[in-house]
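Colleague: Take a look at the following structure, please.
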């Protein structure tokens, strides 16, 4: 007799599995709607990691963005993470984040420090050890096909990430990237508007100065004319 593997996790029945998936998808779409309502970049970043943390349920989540030098730096986090870890940066092409950016696909390891397939950075590995980070999943944040950063889910114990977790986290990252792009455009538009308003104020002040000078000139001219015509 041939046995067939169950499509559901060993510890879940079919009904429990479908209920969990329904809750996850409902949370995903509710999160997507809430992200589109935000405007400023920092607010969007904080909202992304907060919702991602609730969605994936790992010990902590964090979001890193690419800088001008193509290094990844942490911009927002949820869960207990040290200040040193939050201030860390990952050189281009190193660590799990570097592979996520280069390959533009989800990547995970069950134990970061012994993952030979990664190009390790000595300084970051030291932070990983002190933080107790073990299992790590990273998914890219793609804007018009370009990776602008990555979203990470981390646990302090060795584990695997299921295909369902990866798919859910990736779908969330797709929504998050759209919200991130909108926030950047919002910030750029606001900055441009502020510059335009500042330039307009300078013009107004310049015009007002000219008008005052013109008024003084006309007053002096009228006074001189009156003085010349007076016997």
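Numbering (the working numbering), first residue to last: 77 to 307.
We put the beta carbon where it would ideally sit given N, CA and C, even for glycine.
1. What separation, rounded to the nearest whole angstrom, lies between the Cα atoms of residue 196 and residue 213?
2. For the beta strand (DSSP E) containing residue 214, list its first residue and its last residue.
3. Measuring CA to CA, which of 125, 231, 248, 163 is closest to residue 184?
4. Tell me the residue span of the alpha helix (DSSP H) that contains residue 206.
5. Which stretch, first to last residue, makes up the beta strand (DSSP E) that contains residue 183?
6. Using the C-alpha atoms, what's the distance from residue 248 back to residue 162?
7. Look up residue 153 in the DSSP assignment and give the residues it is bridged to.
8. Once you ignore the five residues that flank residue 290 on each side, which residues in its own chain have a CB closer than 7 Å to its CB?
9. With burial defined as no fewer than 16 other Cβ atoms inside 10 Å of the residue's Cβ, what is the status of residue 159: buried or exposed?
10. Which residue wins for smallest C-alpha separation from residue 127, given the options 246, 144, 154, 146?
11. List the endpoints of the continuous alpha helix (DSSP H) containing residue 173.
12. For residue 248, does the three-state DSSP call read helix, strand or coil?
13. Quick check: the segment 193-208 against the segment 234-241, are there 3 or more CB pairs under 8 Å?
14. With a threshold of 8 Å between beta carbons, is residue 240 in contact with chain B?
15. So what does DSSP say about residue 194, is it helix, strand or coil?
16. Compute the distance between the beta-carbons of residue 217 and residue 227, then report whether it is under 8 Å.
17. Using the C-alpha atoms, what's the distance from residue 138 back to residue 152?
18. So residue 227 is in the beta strand (DSSP E); what residue range does that whole segment cover?
19. Hey, residue 186 and residue 116 are a contact pair by Cβ (cut 8 Å); roughly how many whole angstroms apart?
Modeller: Looking at the coordinates:
1. The alpha-carbon separation between residue 196 and residue 213 amounts to approximately 16 Å.
2. For residue 214, the enclosing beta strand (DSSP E) begins and ends at 211-219.
3. The option with the nearest alpha carbon to residue 184 is 231.
4. Residue 206 -> alpha helix (DSSP H) spans 198-207.
5. Counting along the chain, the beta strand (DSSP E) containing residue 183 begins and ends at 183-185.
6. Residue 162 and residue 248: Cα-Cα distance of roughly 22 Å.
7. According to DSSP, which records beta bridges pairwise, residue 153 is partnered with 138.
8. Closer than 7 Å at the Cβ level, and outside the excluded window around residue 290, lies no residue.
9. Looking at its Cβ environment, which holds fewer than 16 other Cβ atoms inside 10 Å, residue 159 is exposed.
10. Taking only the C-alpha atoms, the option nearest residue 127 is 154.
11. Element bounds for residue 173: 171-179.
12. Three-state result, residue 248: helix.
13. No: fewer than three Cβ pairs fall under 8 Å.
14. The displayed structure is made up of one protein chain only, and chain B is not part of it.
15. If DSSP states are grouped into helix, strand and coil, residue 194 belongs with coil.
16. Yes, they are a contact pair.
17. Taking the straight line from one Cα to the other gives about 6 Å.
18. First-last of the beta strand (DSSP E) with residue 227: 222-231.
19. Between residue 186 and residue 116, the beta carbon gap of about 37 Å keeps them out of contact (Cβ cut-off 8 Å).
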